[in-house]
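A.B. asks: If you read the sequence shown in this note's numbering, its first letter stands for residue 619, the second for the next number, and so on. Dropping a structure here in structure tokens format, bear with me for questions.
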Amino acid sequence: MRQNTVKRALVAFALALPGAAIATVVAAPAAHADGCYTWKRDLYQGRSGDDVRQLQIRVAGWAGRGGIVRIDGDFGPETTAAVKRFQTAYGLRSDGVAGRQTFTKLYQLQDNDCTPAHFSYRELDDGCGKGGWSGGPVSATDTKATAVRTMWKLEALRRGLGDKPLNVTSGFRDSSCNKQVGGASDSQHLYGNAADLTSGSRSLCEVARASRDHGFSGIYGPGYAGHDDHVHVDSRRENNRDTSTNRTSWAAPDCGVSR
Numbered sequence: 619m620r621q622n623t624v625k626r627a628l629v630a631f632a633l634a635l636p637g638a639a640i641a642t643v644v645a646a647p648a649a650h651a652d653g654c655y656t657w658k659r660d661l662y663q664g665r666s667g668d669d670v671r672q673l674q675i676r677v678a679g680w681a682g683r684g685g686i687v688r689i690d691g692d693f694g695p696e697t698t699a700a701v702k703r704f705q706t707a708y709g710l711r712s713d714g715v716a717g718r719q720t721f722t723k724l725y726q727l728q729d730n731d732c733t734p735a736h737f738s739y740r741e742l743d744d745g746c747g748k749g750g751w752s753g754g755p756v757s758a759t760d761t762k763a764t765a766v767r768t769m770w771k772l773e774a775l776r777r778g779l780g781d782k783p784l785n786v787t788s789g790f791r792d793s794s795c796n797k798q799v800g801g802a803s804d805s806q807h808l809y810g811n812a813a814d815l816t817s818g819s820r821s822l823c824e825v826a827r828a829s830r831d832h833g834f835s836g837i838y839g840p841g842y843a844g845h846d847d848h849v850h851v852d853s854r855r856e857n858n859r860d861t862s863t864n865r866t867s868w869a870a871p872d873c874g875v876s877r
């Protein structure tokens with residue numbers, strides 16, 4: 619977790635104002651709304667482009683039970699459904715159209731480095747403490763970008779658990795780190811595509827069960843060998859660079875999670 623930025627405080631203040639005041643405080647600087655990414659048009663089913671892709675990254679954690687949101691820049695039915703779930707989760711009008719209110723909430727949630735409010739690069743960085751994003755099967759740039767996608771799904775999972783903190787005990791691992799900790803030879807951690815989680819306020823089973831609804835195709839937790847003290851989540855179904863079959867794999871037997 620990190621402290622709220624001044625940006626988030628100002629947007630939250632604006633959201634509490636009457637409609638006319640919101641127009642003055644929020645709408646006026648729309649062209650420079652955020653240091654990470656600014657949307658310049660409403661998005662809805664049928665639209666395409668990089669702005670759709672940027673939206674998909676941020677709502678992929680709202681894919682629904684066992685689903686995924688493909689980060690392909692095409693606003694189709696799965697993106698519409700994810701936007702609706704995002705809107706419902708944050709008390710917005712749930713119409714599946716990403717417009718001013720949806721973007722304002724996203725600006726409130728993201729920091730200038732494009733990471734979400736409650737997770738940071740530092741948390742998803744090399745699991746053995748060396749730091750950096752190199753040493754895996756793909757470039758450091760690609761690994762870091764994948765880690766951002768992982769963080770946005772974690773942000774959705776956190777919201778789904780009542781905005782209670784989640785602790786990342788292991789994120790990206792380079793090859794030597796992965797070998798050191800006994801990770802699988804083609805572990806999703808090597809790609810920035812996974813996180814091991816604990817929580818001080820939710821049971822591991824609550825975390826594992828909730829993960830099914832937030833875009834994670836890999837879930838391992840209590841009852842699965844080596845996972846009784848944490849929950850592993852990943853997006854293996856979307857990883858086209860590993861040597862594994864793109865499929866859903868859930869195994870937390872003690873929690874009734876399997877697939």
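Don't be surprised by glycine CBs; every beta carbon is placed ideally from N, CA and C.
Buried or exposed: Ser-839, going by 16 or more other Cβ atoms within 10 Å of its Cβ?
C.D. replies: It should be pointed out that residue 839 corresponds to Gly in this sequence rather than to Ser. Counting Cβ neighbours within 10 Å, Gly-839 comes out buried, since at least 16 surround it.
A.B. asks: Based on the DSSP secondary-structure assignment, which residues constitute the bridge partners of Asp-814?
C.D. replies: Ser-788 and His-850.
A.B. asks: CA-CA distance, Gly-818 and Glu-824?
C.D. replies: Whole-angstrom Cα-Cα distance: 12 Å.
A.B. asks: Which full runs of the alpha helix (DSSP H) of 4+ residues lie inside the segment 715-786, going along the chain?
C.D. replies: Listed in chain order, the complete alpha helix (DSSP H) runs (minimum 4 residues) inside the segment 715-786 are 718-727, 739-742 and 758-778.
A.B. asks: Tell me the DSSP bridge mates of Ser-666?
C.D. replies: Answer by DSSP bridge pairing, in chain order: Asp-692.
A.B. asks: Quick one: using the 10 Å Cβ neighbour count with 16 as the cut-off for buried, is Lys-771 buried or exposed?
C.D. replies: With 16 or more other Cβ atoms within 10 Å, it is buried.
A.B. asks: Just to confirm my understanding: we take Arg-767, look at its own chain, exclude 5 residues before and 5 after, and list those with CB closer than 6 Å. What are they?
C.D. replies: Taken in chain order, the residues that qualify are Ile-675.
A.B. asks: Expressed to the nearest angstrom, what Euclidean distance is found between the alpha-carbon atoms of Asp-814 and Ser-867?
C.D. replies: One C-alpha to the other measures close to 15 Å.
A.B. asks: Rounded to whole angstroms, what's the CA-CA distance from Gln-672 to Gly-691? Just pull it up for me.
C.D. replies: Rounded to whole angstroms, Gln-672 to Gly-691 spans 8 Å at the Cα level.
A.B. asks: Can you tell me where the alpha helix (DSSP H) with Ala-826 in it begins and where it stops?
C.D. replies: Run containing Ala-826: 822-829, per the alpha helix (DSSP H) assignment.
A.B. asks: Determine the closest residue to Lys-702 out of Phe-693, Thr-816, Gly-714 and Leu-710, with distance taken between C-alpha atoms.
C.D. replies: The option with the nearest alpha carbon to Lys-702 is Gly-714.
A.B. asks: Does the distance from the C-beta atom of Ala-678 to that of Val-670 stay below 8 Å?
C.D. replies: Cβ atoms of Ala-678 and Val-670: not closer than 8 Å.
A.B. asks: Give the C-beta separation of Ala-774 and Trp-680 to the nearest angstrom, bearing in mind that I take them to be a contact with Cβ-Cβ under 8 Å.
C.D. replies: About 5 Å; that satisfies the 8 Å criterion.
A.B. asks: For the candidate residues Ser-862, Ala-870, Phe-834 and Leu-724, whose alpha-carbon lies nearest to that of Gly-682?
C.D. replies: When only C-alpha atoms are compared, the closest one is Phe-834.
A.B. asks: On the DSSP letters alone, give me the boundaries of the beta strand (DSSP E) that Ser-805 sits inside.
C.D. replies: It is not in any beta strand (DSSP E) - Ser-805 carries neither H nor E in the DSSP assignment.
A.B. asks: Thinking C-alpha only, which one of Arg-865, Thr-861, Gly-778 and Gly-841 is nearest Thr-906?
C.D. replies: As shown, the chain starts at 619 and ends at 877. That puts residue 906 outside it, with no answer to give.
A.B. asks: Hey, Ser-804 and Thr-861: beta-carbon distance below 8 Å or not?
C.D. replies: Sequence check: residue 804 is Asp here, not Ser. Contact: yes.
A.B. asks: From the DSSP output, which residues share a beta bridge with Ala-869?
C.D. replies: Paired residues: Tyr-838 and Ser-876.
A.B. asks: If I follow the unbroken alpha helix (DSSP H) through Cys-795, where does it start and stop?
C.D. replies: Unbroken alpha helix (DSSP H) run through Cys-795: 793-798.
A.B. asks: Which residues does DSSP list as the beta-bridge partners of Val-661?
C.D. replies: In the sequence as displayed, the identity of residue 661 is Leu instead of Val. In DSSP, Leu-661 forms a bridge with Ala-716.
A.B. asks: Pull up the CB-CB distance for Leu-598 and Val-849, whole angstroms please, since I reckon it's below 8 Å.
C.D. replies: Absent from the model: residue 598. The displayed extent of the chain is 619 to 877, so no value can be given.
A.B. asks: Might you give, ordered along the chain, the residues of its own chain that have their beta carbon closer than 8 Å to the beta carbon of Asn-785, omitting 5 neighbours on each side?
C.D. replies: If we look at Asn-785 and ignore the five residues flanking it on each side, its Cβ neighbours are Leu-815, Thr-816, Ser-817 and Gly-818.
A.B. asks: I need the straight-line Cα distance from Gly-913 to Gly-667, nearest angstrom please.
C.D. replies: This structure cannot settle anything about residue 913, because the visible part of the chain is limited to 619 through 877.
A.B. asks: Helix, strand or coil: how does DSSP classify Leu-710 here?
C.D. replies: Here Leu-710 sits in coil by DSSP.
A.B. asks: What would DSSP say about Thr-697, mapped onto helix, strand or coil?
C.D. replies: Reduced to three states, the DSSP call for Thr-697 is helix.
A.B. asks: Using a Cβ-Cβ cut-off of 6 Å (strictly less than) and excluding sequence neighbours within five positions of Gly-717, which residues of its own chain qualify?
C.D. replies: Closer than 6 Å at the Cβ level, and outside the excluded window around Gly-717, lie Asp-660.
A.B. asks: Please confirm whether Arg-827 and Cys-873 have their CB atoms less than 8 Å apart.
C.D. replies: Cβ distance < 8 Å, so Arg-827 and Cys-873 count as in contact.
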